[in-house]
Ligand SMILES: [Zn+2]
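Numbering (the working numbering), first residue to last: 383 to 433.
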């Protein structure tokens with residue numbers, strides 16, 4: 383069963399092996415559904431961090 387990861391930008395669940403990334407932010411790895419979500423996160427990671 384593929385491992386699911388959460389896209390912090392759009393909230394989508396994606397298969398880890400199909401996801402873009404990961405991007406390391408403050409020691410945590412983040413995965414994305416698309417390059418555009420990845421770029422948004424890289425631009426302003428704090429905006430998408432868990433509150
Ligand atoms: Zn996304």
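Think of the CB as a built atom: it goes at the ideal place given N, C-alpha and C, for glycine as much as any other residue. Source: prediction; values computed, not measured.
Q.
Which residues neighbour ligand 2 when neighbourhood means a C-beta less than 6 Å away from any of its non-hydrogen atoms? List them by chain order.
A. Looking at this structure, you won't find ligand 2 anywhere; what it does contain is ligand 1.
(Q) Assuming contact is defined by CB atoms lying nearer than 8 Å, are residue 413 and residue 422 in contact in what I supplied? (A) no
Q) Would you call the CB atoms of residue 396 and residue 410 closer than 8 Å? A) no
Q | For residue 390, the three-state DSSP class (helix, strand or coil) | A | coil
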